[in-house]
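Have a look at the structure below before the remarks.
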Amino acid sequence: MSTELSMYDLIFSNAIVIDGSGSSRYTADIAVQDGVIVEISEAGSLRGAKAKKVIDCLGLAVAPGFIDVHTHDDNAVLMTPLMEPKVSQGVTTVIVGNCGISLSPMIKAITPPDPLNLLGNEEAYRFPTFKAYGEEVERIRPNVNVGALIGHSTLRVNQMEKLDREATSDEIGKMIEQLREGLENGALGMSSGLAYPTAFESKTDEIVELARNLKEYQAIYTTHLRDEYAGILDAMDEAFETAKCAESPLIISHHKCAGPENWGRTQETLAAIDNAAEHIDVGMDCYPYIAGSSTLDLKQVKDNVEILITWSDAYPEMSNRYLRDIAQEWECSLMDAAKKLQPAGATYFIMSEEDVSRVLSHRLTMIGSDGLPHDPNPHPRLWGAFPRVLGHYSREEKLFSLEEAVHKMTGLSAKRFRLEKRGYISKGFHADLVIFNADTINDLATFENPKQAAVGIEHVIVNGEFAIEHGQLKESRSGKMIRRGE
Ligand code: ZN
Ligand code: CU
2 MSTELSMYDL
12 IFSNAIVIDG
22 SGSSRYTADI
32 AVQDGVIVEI
42 SEAGSLRGAK
52 AKKVIDCLGL
62 AVAPGFIDVH
72 THDDNAVLMT
82 PLMEPKVSQG
92 VTTVIVGNCG
102 ISLSPMIKAI
112 TPPDPLNLLG
122 NEEAYRFPTF
132 KAYGEEVERI
142 RPNVNVGALI
152 GHSTLRVNQM
162 EKLDREATSD
172 EIGKMIEQLR
182 EGLENGALGM
192 SSGLAYPTAF
202 ESKTDEIVEL
212 ARNLKEYQAI
222 YTTHLRDEYA
232 GILDAMDEAF
242 ETAKCAESPL
252 IISHHKCAGP
262 ENWGRTQETL
272 AAIDNAAEHI
282 DVGMDCYPYI
292 AGSSTLDLKQ
302 VKDNVEILIT
312 WSDAYPEMSN
322 RYLRDIAQEW
332 ECSLMDAAKK
342 LQPAGATYFI
352 MSEEDVSRVL
362 SHRLTMIGSD
372 GLPHDPNPHP
382 RLWGAFPRVL
392 GHYSREEKLF
402 SLEEAVHKMT
412 GLSAKRFRLE
422 KRGYISKGFH
432 ADLVIFNADT
442 INDLATFENP
452 KQAAVGIEHV
462 IVNGEFAIEH
472 GQLKESRSGK
482 MIRRGE
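In structure tokens form, the structure reads like this:
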């Protein structure tokens with residue numbers, strides 16, 4: 002009787018439900034109304050119900066929309082609101098402001114120093130407060146939901162003329178004021194990028210003083226460690242210490258052991274994380290590739306690592322070429338070639354497959370793309386990270402079940418970042434959904450040809466509206482600014 006009376010917006014019938022919790026799949030009919038999942042019942046039970054649209058999902062998986070917990074999409078959601086690289090992968094929520102780099106707040110006109118230039122040029126940094134940034138996201142309404150962190154490097158750029166030193170207590174005080182404005186207006190937490198020149202000279206005390214403000218907002222601390230090479234265990238200790246002093250949850254960003262001399266050491270680092278997890282709330286994110294990417298960092302120019310130049314302001318014609326070949330052509334050392342190319346972007350082949358698989362498999366690991374949307378030759382993770390985990394690592398390599406793979410990109414992520422009523426298929430939850438073919442889903446983006454949408458994604462729903470329908474990009478613009486605890 003009740004179905005006679007209801008008129009739903011959407012019904013997904015005969016769906017193979019992968020609910021985000023990691024538990025086994027089941028089949029069901031799902032009804033959505035006003036952007037919310039209102040009914041989940043036995044497959045076929047909603048056959049007589051009325052709906053504006055009925056989508057037959059026979060043979061298809063229905064999962065919560067993927068949450069990209071590690072992005073640099075702060076400006077991309079405003080400039081390219083359709084967010085094709087992300088929605089085409091099934092991503093319905095992006096967390097921006099990672100690695101110490103956030104677009105807001107910025108109280109002065111700046112030429113963004115490396116790596117703040119990853120988000121855009123001087124015009125991009127136009128939000129004096131976090132509140133103003135959130136309002137702009139709401140005005141633009143991108144195709145994805147946006148949650149945001151406040152970047153430690155961004156705070157330093159606000160308050161310090163030169164960044165090659167530790168901050169004074171006066172400067173830290175002003176940074177705290179800005180951080181608290183962000184937290185007050187819904188920022189999810191604070192990120193740091195201690196390996197970068199904008200933050201490398203900051204001392205642990207500075208980070209701790211800032212991070213101490215997180216607790217009262219139940220916000221989190223994420224960190225791109227000071228060292229992902231030989232000194233990684235010390236760098237992890239610094240992160241554990243910070244989280245302990247701040248009494249706040251910790252996320253280790255894009256966890257890896259970089260450089261051939263450190264391959265295999267994820268056995269040590271994951272053991273250290275397991276140990277720490279007994280005392281502090283710790284998690285990590287990871288992208289499913291053996292190469293990293295960022296601005297061209299001279300510290301990472303080494304003879305035993307292949308480096309692909311993705312862009313160069315000084316020599317644009319050298320983009321998409323290997324540094325080794327450029328150096329040979331210029332008859333100079335790798336370092337001299339790298340210096341000449343600056344400012345530039347690069348992809349570094351610094352990880353081993355064994356380490357990547359080990360980190361991905363860990364129970365505390367979430368999937369985050371770390372994609373770089375403004376790079377003209379972006380690392381393929383920008384378009385491929387999520388389908389690659391589902392297709393290559395789960396289905397082909399059998400690293401973990403489909404249910405576990407989905408959990409790492411939905412339920413686990415929503416819980417860690419405290420995204421209310423997202424990340425699970427459950428009655429009363431927001432209708433962020435992805436409908437895909439588990440037998441065919443895969444990434445197509447490669448290092449040579451990175452701007453390629455994945456295959457196997459049928460529909461993507463954000464707050465009850467189609468961002469992808471039958472594989473086609475739609476302009477639903479139904480994304481929301483997700484404020485902490487909302
Ligand atoms: Zn990073
Ligand atoms: Cu990053």
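Residue numbers (the working numbering): 2 to 487.
A virtual CB, placed ideally from N, CA and C, is assigned to each residue, including glycine.
Item: heavy atom of ligand 2 below 7 Å from Asp371 C-beta; Value: yes
Item: 8 Å Cβ cutoff, Phe241 in contact with chain B; Value: No chain B appears in the structure shown, which is made up of a single protein chain.
Item: Length at least 3, wholly inside the stretch 106-170: the beta strand (DSSP E) runs in chain order; Value: 146-152
Item: Inter-residue Cα distance where the pair is Val461 and Gly91; Value: 6 Å
Item: Where Val39 sits in the DSSP three-state scheme; Value: strand
Item: Alpha-carbon to alpha-carbon, Pro106 and Arg484; Value: 16 Å
Item: beta-carbon Cys100 near ligand 2 non-hydrogen atom, thresh 7 Å; Value: yes
Item: The stretch 338-354 in contact with the stretch 299-308 per 3-pair CB rule at 8 Å; Value: yes
Item: Per DSSP, the bridge partner or partners of Cys287; Value: Ile368
Item: Neighbour-count burial assignment, Ala386, 16 or more Cβ in a 10 Å radius; Value: buried
Item: Cα-Cα separation between Asn146 and Ser334, rounded to whole angstroms; Value: 45 Å
Item: Separation of Ser414 from Gly45, as counted between CA atoms; Value: 31 Å
Item: Whole-angstrom distance between Thr28 and Thr4, CA atom to CA atom; Value: Low confidence applies to Thr4: its pLDDT is 47, below 50, so where it sits in the model is not reliable, and the reading given next is rough at best. Going by the C-alpha atoms only, they are around 19 Å apart.
Item: Test item: CB-CB of Leu180 and Ile208 under 8 Å; Value: no
Item: Exposure label - Asp30; buried when at least 16 CB within 10 Å; Value: buried
Item: Identity of the residues DSSP links to Gly34 by a beta bridge; Value: The sequence given here has Gln at residue 34, not Gly. Note: Gln34 sits in a beta bridge opposite Val37.
Item: Span of the alpha helix (DSSP H) around Ile442; Value: Where Ile442 is concerned, there is no enclosing alpha helix (DSSP H), given that its DSSP letter is neither H nor E.
Item: DSSP-derived helix/strand/coil call for Ala345; Value: strand
Item: DSSP three-state assignment for Met237, whether helix, strand or coil; Value: helix
Item: Supposed contact pair Ile442 and Ser89 - C-beta distance, whole angstroms, cut 8 Å; Value: At roughly 12 Å, the Cβ-Cβ gap does not stay under 8 Å, so Ser89 and Ile442 are not in contact.
Item: heavy atom of ligand 2 below 7 Å from His363 C-beta; Value: no
Item: Gly194 beta carbon near ligand 1 (any heavy atom closer than 7 Å); Value: yes
Item: Boundaries (first-last residue) of the alpha helix (DSSP H) holding Val55; Value: From DSSP, Val55 is part of no alpha helix (DSSP H) but of the beta strand (DSSP E) over 51-57.
Item: Beta-bridge pairing of Glu466 - partner residues as DSSP gives them; Value: Val463
Item: Through-space distance from His255 to Thr223, alpha-carbon basis; Value: 10 Å
Item: Ser254 beta carbon near ligand 1 (any heavy atom closer than 7 Å); Value: yes
Item: For Val306, the nearest candidate out of Arg266, Tyr349, Asp286, Met285 (CA to CA); Value: Tyr349
Item: 8 Å Cβ cutoff met for His153 and Ala200; Value: yes
Item: Three-state secondary structure (DSSP) of Ala272; Value: helix
Item: Touching by the beta-carbon criterion (3+ pairs, under 8 Å), the stretch 374-382 and the stretch 68-86; Value: yes
Item: beta-carbon His380 near ligand 1 non-hydrogen atom, thresh 7 Å; Value: no
Item: Arg417 in three-state terms, based on DSSP; Value: helix
Item: Near ligand 1: His153 beta-carbon under 7 Å from a heavy atom; Value: no
Item: Neighbourhood of Phe13 by C-beta, 6 Å cutoff - its chain only, sequence neighbours within 5 removed; Value: Ile31, Ile56, Cys58, Val63
Item: For Gln473, three-class secondary structure by DSSP; Value: strand
Item: Nearest-angstrom beta carbon gap, Lys204 and Ser249 [assumed within contact, 8 Å]; Value: Contact doesn't hold; Cβ gap of about 19 Å is too wide.
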